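Per the working numbering, the sequence shown starts with residue 7, numbered consecutively.
Beta carbons are placed, not taken as given, at the ideal position from N, Cα and C, and that holds for glycine.
It should be emphasised that the depicted structure is a prediction, and the values quoted were computed from it without experimental measurement.
Okay, structure first, notes after.
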Amino acid sequence: MRRPLIAGNWKMNLTREESVSLASELCRADSSNTDILICPPYVYLDAVSQAVAGSSINVGSQDAYFEASGAFTGEISVGMLKDIGCQFIILGHSERRHVLGESDLLINKKVHAVLSGDLTPIVCVGETLEEREAGKTLDVIKSQFDGSLAGLTADQIKKTVIAYEPVWAIGTGKTATPEQAQEVHADLRRILAERYNPETSEEVRILYGGSVKPDNTAELMAQADIDGALVGGASLQSDSFIDIINASGVSAG
Ligand code: 13P
């Protein structure tokens, strides 16, 4: 049985004061049925970690660099993130792939670095609207899966979280229908079973992301292969994020 994970990706939003206050408000969320994660901008990670200390809220970052230390101006290592209390690291988000030009090869190096550091990578995959309309969704997902997750052992993939985020549904208000999302999640589970084995594929959590809101969470989470959500906009307010957490806990499984 896969335990749901609801992750908030704050992206490049909020001030320090707003971050700490949102994190503190989230400490009242009920985590009895759901793992909860928040991913603030790097500069607020330390303050947010302190604000949720002693609660069941996990803190993660939105990226990391694969080298441990050295002359990599502007980059942040996995060890540094671990040092300030991160447990999860989002990698290969579509904004990093499409706005910042990250390749599967780079993402793959980061995935290996995060796993070597004993943290949990959340690896994002997803097609653009153009790719979906050209009937290429499955090809894109397969190629991102094989590129970003290359060389992982079965034990490592079990520790990895995959997030399916159709690019056309991010920040647009256009959610994939539960059926559209489930179709790709089932494809991902099938790819996992083919590349590893059915038992391993059943253990991997696959999150959906793209305009997740309190009122569409329950029907998304009711799908057999959707194990949680990666939430952008609706994670920036405590009420909507807590409503999503509550809706995921009752409908999971
Ligand atoms: P929105 O929920 O704002 O569509 O963002 C989704 C996302 O990109 C989460 O990583």
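Simplified DSSP assignment, three categories, for residue i
i, result
"Ile12", "strand"
"Val117", "helix"
"Ala258", "Here the model assigns Ala258 a pLDDT of 48, short of 50, so the residue's position is not dependable and the matter cannot be decided."
"Asp36", "coil"
"Pro127", "strand"
"Ile168", "strand"
"Asn64", "strand"
"Ala57", "helix"
"Ser83", "strand"
"Leu111", "helix"
"Phe247", "helix"
"Val237", "strand"
For residue j and residue i, the rounded distance between their alpha carbons
i, j, result
"Trp16", "Leu242", "6 Å"
"Phe72", "Cys130", "17 Å"
"Arg138", "Arg22", "38 Å"
"Ser83", "Lys116", "10 Å"
"Pro47", "Val65", "11 Å"
"Phe78", "Leu112", "14 Å"
"Leu144", "Asp193", "7 Å"
"Ile232", "Gly80", "35 Å"
"Pro220", "Ile248", "8 Å"
"Glu101", "Leu20", "18 Å"
"Ile197", "Leu125", "23 Å"
"Leu158", "Thr166", "9 Å"
"Thr178", "Ala240", "12 Å"
"Val210", "Glu31", "30 Å"
"Ala13", "Asn203", "27 Å"
"Val256", "Val49", "34 Å"
"Val173", "Ser38", "31 Å"
"Thr40", "Leu28", "19 Å"
"Ile44", "His118", "22 Å"
CB contact flag (residue i, residue j, <8 Å)
i, j, result
"Gly132", "Glu171", "yes"
"Val218", "Ile176", "no"
"Ala70", "Val120", "yes"
"Ile128", "Phe94", "yes"
"Met227", "Ser207", "no"
"Gln56", "Ile96", "no"
"Lys180", "Gly123", "no"
"Gly153", "Asp110", "yes"
"Ile163", "Ile212", "no"
"Ala230", "Gln186", "no"
"Asn222", "Ala156", "no"
Exposure label - residue i; buried when at least 16 CB within 10 Å
i, result
"Leu106", "exposed"
"Asn200", "Contrary to the premise, residue 200 reads as Glu rather than Asn in this sequence. Answer is exposed; the Cβ neighbour count stays below 16."
"Leu135", "exposed"
"Gly238", "buried"
"His191", "buried"
"Gly76", "exposed"
"Arg9", "exposed"
"Arg317", "Examination of residue 317 is not possible in this model, given that the chain is present from 7 through 259 alone."
"Glu108", "buried"
"Thr183", "exposed"
"Ser246", "buried"
"Ser62", "exposed"
"Ala258", "For Ala258, the predicted structure reports a pLDDT of 48, less than 50, and the residue's modelled location is therefore unreliable. The matter cannot be settled from this model."
"Ser25", "buried"
"Ser149", "exposed"
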